[in-house]
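Asker: Here it is, the structure, as structure tokens.
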Amino acid sequence: MRRPTKYTTSARLYDLISFEWPVYRAGREVAFELLNLPAGSHVLDLGCGTGLNFAGLQRMIGPTGSITGVDASPQMLEQARLRAHRAGWNNVTLVAADATTLASADLGKRAPFDAALSTYALSLMTPWQAALEAMIAATRVGGVVAVVDMQRPVGRAAVWTPLAKLACRLGGADIEAHPWTAMTPLLRDLSTRSVRGGHIQVRVGTVVSRPAEPSS
Ligand SMILES: C[S@@+](CC[C@H](N)C(=O)[O-])C[C@H]1O[C@@H](n2cnc3c(N)ncnc32)[C@H](O)[C@@H]1O
213 MRRPTKYTTS ARLYDLISFE WPVYRAGREV AFELLNLPAG SHVLDLGCGT GLNFAGLQRM
273 IGPTGSITGV DASPQMLEQA RLRAHRAGWN NVTLVAADAT TLASADLGKR APFDAALSTY
333 ALSLMTPWQA ALEAMIAATR VGGVVAVVDM QRPVGRAAVW TPLAKLACRL GGADIEAHPW
393 TAMTPLLRDL STRSVRGGHI QVRVGTVVSR PAEPSS
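Here it is, written out as structure tokens:
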């Protein structure tokens with residue numbers, strides 16, 4: 213498995229150093245609002261990191277739902293495990309895997325999922341197209357897929373571009389990847405939102421058909 217080099221020793225500090233509260237939390241809150249999942253939903257969180265999406269997801273899905281978090285970094289997964297343990301969430305399953313070569317056999321009995329999301333993660337993956345397709349392939353027809361990712365700020369917010377580029381570079385993200393652009397032909401009823409001066413892009417759409425699994 214290809215391991216991202218950035219998310220090893222820094223995993224324990226990730227929640228503190230990732231600009232979560234001033235910047236990136238806004239994107240996940242918009243995704244939760246657009247996903248609007250019913251209680252009991254089974255959700256895939258691709259590139260889940262330390263599990264910063266888990267509390268928001270739990271608010272919607274409740275104890276009868278489940279979260280399957282996938283990440284390539286064992287250190288990030290350990291932080292996610294601690295978060296779930298401390299909160300008493302028994303419905304979280306964590307899987308160490310490379311999202312770009314993901315197969316349904318990696319995902320356990322909850323697949324295909326009612327929903328899948330990937331926040332600030334696809335733009336770190338090469339090729340991100342394979343991870344996006346794997347995410348859609350792991351979601352049932354009629355289920356929903358959310359992508360939250362980054363680009364350069366636009367309009368008056370463009371003055372923040374050097375800072376946005378620095379944050380992406382430090383995190384190992386390609387600010388020019390724009391992975392949400394590939395969702396349009398694959399999903400229907402695509403909702404589009406943009407926050408923090410366009411730096412954060414949110415897309416949520418419904419799965420119409422599941423692409424074939426990537427060959428290993
Ligand atoms: C910037 S963090 C975002 C974590 C989390 N989604 C969030 O919103 O805070 C990116 C995560 O993607 C993971 N990652 C990078 N490449 C990956 C890959 N090919 N497969 C699975 N996870 C990967 C990293 O280990 C890291 O935890």
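Using the working numbering, the first residue of the sequence shown is number 213, and each one after it goes up by one.
Beta carbons are placed, not taken as given, at the ideal position from N, Cα and C, and that holds for glycine.
Bear in mind the structure is a predicted one, so any value in this text is a computation, not a measurement.
Pick from P339, H254 and G409: whose alpha carbon is nearest that of D326?
Answerer: Position 114 of the sequence shown holds residue 326. Nearest of P339, H254 and G409 to D326, Cα basis: H254.
Asker: Out of C260, T331 and W392, point me to the one whose CA is closest to A308's CA.
Answerer: Your numbering for residue 308 matches position 96 in the sequence shown. Checking every option, the nearest Cα to that of A308 belongs to C260.
Asker: By Cβ distance, which residues of its chain are closer than 7 Å to A296, with the 5 residues on each side in sequence left out?
Answerer: In the sequence shown, the residue the question calls residue 296 occupies position 84. So the qualifying residues of the chain are G263, F266 and V304.
Asker: Between D227, T373 and G355, which has its C-alpha nearest L399's C-alpha?
Answerer: Here residue 399 refers to the residue found at position 187 when the sequence shown is read from its first residue. When each option's Cα is compared against that of L399, the closest is G355.
Asker: Quick one: complete beta strand (DSSP E) runs, 3+ long, within the stretch 345-399?
Answerer: Listed in chain order, they are 351-362.
Asker: Can the beta-carbon of T351 be found closer than 7 Å to that of Q287?
Answerer: Taking the first residue of the sequence shown as 1, we reach residue 351 at position 139. Taking the first residue of the sequence shown as 1, we reach residue 287 at position 75. In this structure, Q287 does not lie closer than 7 Å to T351 by Cβ.
Asker: Just to confirm, does D401 get its C-beta within under 6 Å of one of the non-hydrogen atoms of ligand 1?
Answerer: By 1-based counting over the sequence shown, the position of residue 401 is 189. D401 Cβ: outside cutoff for every heavy atom of ligand 1.
Asker: Output the distance between the C-alpha atoms of I334 and L294, rounded to the nearest integer angstrom.
Answerer: Position 122 of the sequence shown holds residue 334. Position 82 of the sequence shown holds residue 294. Looking at the sequence itself, residue 334 is Leu, so the reference to Ile does not match. Spanning the two alpha carbons is a distance of roughly 24 Å.
Asker: If you compare alpha carbons, which of M395, Q363 and L329 is closest to V242?
Answerer: Taking the first residue of the sequence shown as 1, we reach residue 242 at position 30. For V242, the nearest C-alpha among the options comes from L329.
Asker: With a threshold of 16 other CB atoms inside 10 Å of the CB of W233, please say whether the residue is buried or exposed.
Answerer: As a position in the sequence shown, residue 233 is number 21, starting the count at 1. Exposed: under 16 other Cβ atoms inside 10 Å.
Asker: Using 7 Å as the threshold, is the C-beta distance between V235 and R415 below it?
Answerer: Position 23 of the sequence shown holds residue 235. Position 203 of the sequence shown holds residue 415. Result no, Cβ atoms of V235 and R415 do not sit closer than 7 Å.
Asker: Quick one: give me the first and last residue of the beta strand (DSSP E) that H254 is part of.
Answerer: Translated into the one-based positions of the sequence shown, residue 254 becomes position 42. H254 -> beta strand (DSSP E) spans H254 to L258.
Asker: In the DSSP assignment, find the unbroken alpha helix (DSSP H) run with G239 in it and report its ends.
Answerer: Sequence index remark: in the sequence shown, residue 239 carries index 27 (1-based). R237 to L247 is the span of the alpha helix (DSSP H), which, as asked, contains G239.
Asker: With distances taken Cα to Cα, identify the nearest neighbour of I412 among G383, V366 and G384.
Answerer: Here residue 412 refers to the residue found at position 200 of the sequence shown. The shortest Cα separation from I412 among G383, V366 and G384 belongs to V366.
Asker: How long is the line joining the alpha carbons of P339 and T312, rounded to whole angstroms?
Answerer: In the sequence shown, the residue the question calls residue 339 occupies position 127. In the sequence shown, the residue the question calls residue 312 occupies position 100. Approximately 7 Å, taken between the alpha carbons.
Asker: Just to confirm, does D310 get its C-beta within under 6 Å of one of the non-hydrogen atoms of ligand 1?
Answerer: As a working mapping, residue 310 is identified with position 98 in the sequence shown. Yes; taking the cut-off as 6 Å, the Cβ of D310 has a heavy atom of ligand 1 nearer than that.
Asker: Quick check on this structure: which residue in Q341, R237, L314 and A251 has the alpha carbon closest to the alpha carbon of V282?
Answerer: In the sequence shown, the residue the question calls residue 282 occupies position 70. Considering only alpha carbons, the answer is L314.
Asker: For V357 and V419, which I take to be in contact (beta-carbon distance under 8 Å), what is that distance rounded to the nearest angstrom?
Answerer: Sequence index remark: in the sequence shown, residue 357 carries index 145 (1-based). Sequence index remark: in the sequence shown, residue 419 carries index 207 (1-based). Right, their Cβ atoms sit about 6 Å apart.
Asker: With hydrogens ignored, establish whether the beta-carbon of A251 is closer than 6 Å to any heavy atom of ligand 1.
Answerer: The residue labelled residue 251 in the question sits at position 39 within the sequence shown. False, no ligand heavy atom lies under 6 Å from that Cβ.
Asker: Opposite T280 in the DSSP bridges: which residues?
Answerer: Translated into positions along the sequence shown, residue 280 becomes position 68. DSSP, once it has assigned bridges, lists L256 and T305 as partnering T280.
Asker: Thinking C-alpha only, which one of L306, A292 and L247 is nearest A223?
Answerer: Locating residue 223 in the sequence shown gives position 11, where the first residue counts as 1. Comparing Cα-Cα distances from A223 to each of L306, A292 and L247, the minimum goes to A292.
Asker: Checking the sheet assignment: what are the DSSP bridge partners for I412?
Answerer: Start at 1 with the first residue of the sequence shown, and residue 412 comes out as number 200. Bridge partners of I412: M362 and V407.
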